[in-house]
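One structure below.
Protein chains in written order, with our numbering: chain A, 1019 to 1289; chain B, 38 to 135.
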């Protein structure tokens, strides 16, 4: 048997290309299937991962299968652990190594964490929200599990482009906030389109007897948005950045409460 | 009774949204919101102005409140905030060392 050849896959989400290197042809194939629409081989990576595929049960993790994710900063590097993977990331070298089995779930979690860490310093956020582009403008529909993110996505009219039904990716750019498509899918089990659009509004989802939009005070918007922000690290500086980003967001993007009956007429309100 | 000095801890991020001061503990991500009078105390918590003077200047001068009752309420408030780790209390002026 000859030497193993490393294969790279460059996955660009939110204009942040992350290179994944693996010597496993099986995992290489999984990456292409999972992130196909987000692979951009010509981009310049902002972070690199080396993935070592190990058999289930051999992952060097200190936590059990049923324990929650652990994200901690130790001796200049981030250590990410879940029952199905162990990762160590060096932010100064922009390099990380992951030990995991050959499934897409661990790398998907690692991507979310890395993007949340990278975004925290750039005024961006990952939000538990569906997002959709309509007439060139993006709309976010935020809510915890069961709020209706997938439902509102399913009801979207044909002229709408789905960015995600689960995890929205927003960045603060020179002209305002921009929403990006993500491959992070919820119940739809379908990745979003790899497109971007200026963020026009953020709706806090609630299901009720009628379709209506109500104003939300900034402080209430902040509480609701923070409940939906994905952030994993217990790090004072980064938590401060995330808080500042959420405050800035609710002061610069209209935040409204969208109560809806699950039918497509709700989209008549989204203009 | 010795004066009480109050100072904001460094492990918080705070923003004024509308009339509410929103404060997040960077240590455990707990979110607090302060009403208008509590915000006035928070903003004046510079470590060197006694709480009684803050109440007199920032509360009694701006809001129609009884000074003695306002001071009692303020003492209760700052003790609560100190328990949550977002405010420091001392009977001496609090000078930040770098």
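Positions of the beta carbon are idealized from the N, C-alpha and C atoms, including for glycine.
What is the DSSP secondary structure of residue i, reduced to helix, strand or coil?
| i | result |
| --- | --- |
| residue 132 (chain B) | coil |
| residue 123 (chain B) | coil |
| residue 1156 (chain A) | strand |
| residue 1132 (chain A) | helix |
| residue 1051 (chain A) | helix |
| residue 87 (chain B) | strand |
| residue 1125 (chain A) | helix |
| residue 1068 (chain A) | strand |
| residue 1191 (chain A) | strand |
| residue 1029 (chain A) | strand |
| residue 1150 (chain A) | strand |
| residue 57 (chain B) | strand |
| residue 52 (chain B) | strand |
| residue 1139 (chain A) | coil |
| residue 111 (chain B) | helix |
Specify, as a first and last residue, the run of the beta strand (DSSP E) that residue i falls within.
| i | result |
| --- | --- |
| residue 1214 (chain A) | 1214-1225 |
| residue 1035 (chain A) | 1034-1040 |
| residue 143 (chain B) | The question about residue 143 (chain B) has no answer here: the residues shown for chain B are numbered 38 through 135. |
| residue 73 (chain B) | That residue, residue 73 (chain B), is in no beta strand (DSSP E); its alpha helix (DSSP H) goes 73-81. |
| residue 1109 (chain A) | Taken as a continuous stretch (DSSP letters only), residue 1109 (chain A) belongs to no beta strand (DSSP E), as it is neither H nor E. |
| residue 1023 (chain A) | Neither: residue 1023 (chain A) is in no beta strand (DSSP E) and is coded neither H nor E. |
| residue 1100 (chain A) | 1095-1100 |
| residue 1232 (chain A) | 1230-1233 |
| residue 1288 (chain A) | Per DSSP, residue 1288 (chain A) belongs to no beta strand (DSSP E) and is neither H nor E. |
| residue 1290 (chain A) | Nothing about residue 1290 (chain A) can be read from this structure; chain A reaches only from 1019 to 1289. |
| residue 1092 (chain A) | 1088-1092 |
| residue 1182 (chain A) | 1179-1182 |
| residue 43 (chain B) | 42-45 |
Looking at the unbroken alpha helix (DSSP H) that takes in residue i, where does it start and where does it end?
| i | result |
| --- | --- |
| residue 1269 (chain A) | 1254-1270 |
| residue 1170 (chain A) | 1167-1172 |
| residue 1244 (chain A) | 1236-1246 |
Among the options, which has the Cα closest to the Cα of residue i?
| i | options | result |
| --- | --- | --- |
| residue 120 (chain B) | B:57, B:62, B:81 | B:62 |
| residue 131 (chain B) | B:103, B:100, B:44 | B:44 |
| residue 1210 (chain A) | A:1200, A:1216, A:1264, A:1049 | A:1200 |
| residue 1166 (chain A) | A:1143, A:1101, A:1182 | A:1182 |
| residue 1037 (chain A) | A:1276, A:1225, A:1044, A:1061 | A:1061 |
| residue 1164 (chain A) | A:1119, A:1142, A:1237, A:1205 | A:1205 |
| residue 53 (chain B) | A:1273, A:1269, A:1279 | A:1269 |
| residue 1124 (chain A) | A:1101, A:1142, A:1281 | A:1101 |
| residue 1025 (chain A) | A:1034, A:1215, A:1056, A:1066 | A:1066 |
| residue 1148 (chain A) | A:1136, A:1169, A:1155 | A:1169 |
| residue 55 (chain B) | A:1264, A:1157, A:1236, A:1255 | A:1236 |
| residue 1279 (chain A) | A:1229, A:1261, A:1177 | A:1229 |
| residue 1227 (chain A) | A:1263, A:1262, A:1284, A:1176 | A:1284 |
Check this for me: beta carbons of residue i and residue j, under 8 Å apart or not?
| i | j | result |
| --- | --- | --- |
| residue 1114 (chain A) | residue 1105 (chain A) | yes |
| residue 1032 (chain A) | residue 1133 (chain A) | yes |
| residue 95 (chain B) | residue 81 (chain B) | yes |
| residue 1276 (chain A) | residue 1231 (chain A) | yes |
| residue 1253 (chain A) | residue 1091 (chain A) | yes |
| residue 1171 (chain A) | residue 1196 (chain A) | no |
| residue 1050 (chain A) | residue 1027 (chain A) | yes |
| residue 1141 (chain A) | residue 1266 (chain A) | yes |
| residue 114 (chain B) | residue 51 (chain B) | no |
| residue 1198 (chain A) | residue 1190 (chain A) | no |
Can you list, in chain order, the residues of the stretch 52-76 of chain B whose Cβ is nearer than 7 Å to any Cβ on chain A?
52, 54, 55, 57, 59, 61, 63, 64, 66, 68, 70
If contact means a Cβ-Cβ distance below 8 Å, which residues of the stretch 1264-1283 of chain A contact chain B?
1265, 1268, 1269
Using a beta-carbon distance cut-off of less than 8 Å, what residues from the stretch 1047-1074 of chain A approach chain B?
none
Residues of the stretch 1233-1254 of chain A in Cβ contact with chain B at a cutoff of 7 Å, in chain order, please.
1235, 1236, 1237, 1240, 1241, 1244, 1254
Interface positions of the stretch 1114-1127 of chain A facing chain B (Cβ-Cβ less than 8 Å), listed along the chain:
none
Which residues, in order along the stretch 1148-1171 of chain A, keep a beta-carbon less than 9 Å from a beta-carbon of chain B?
none
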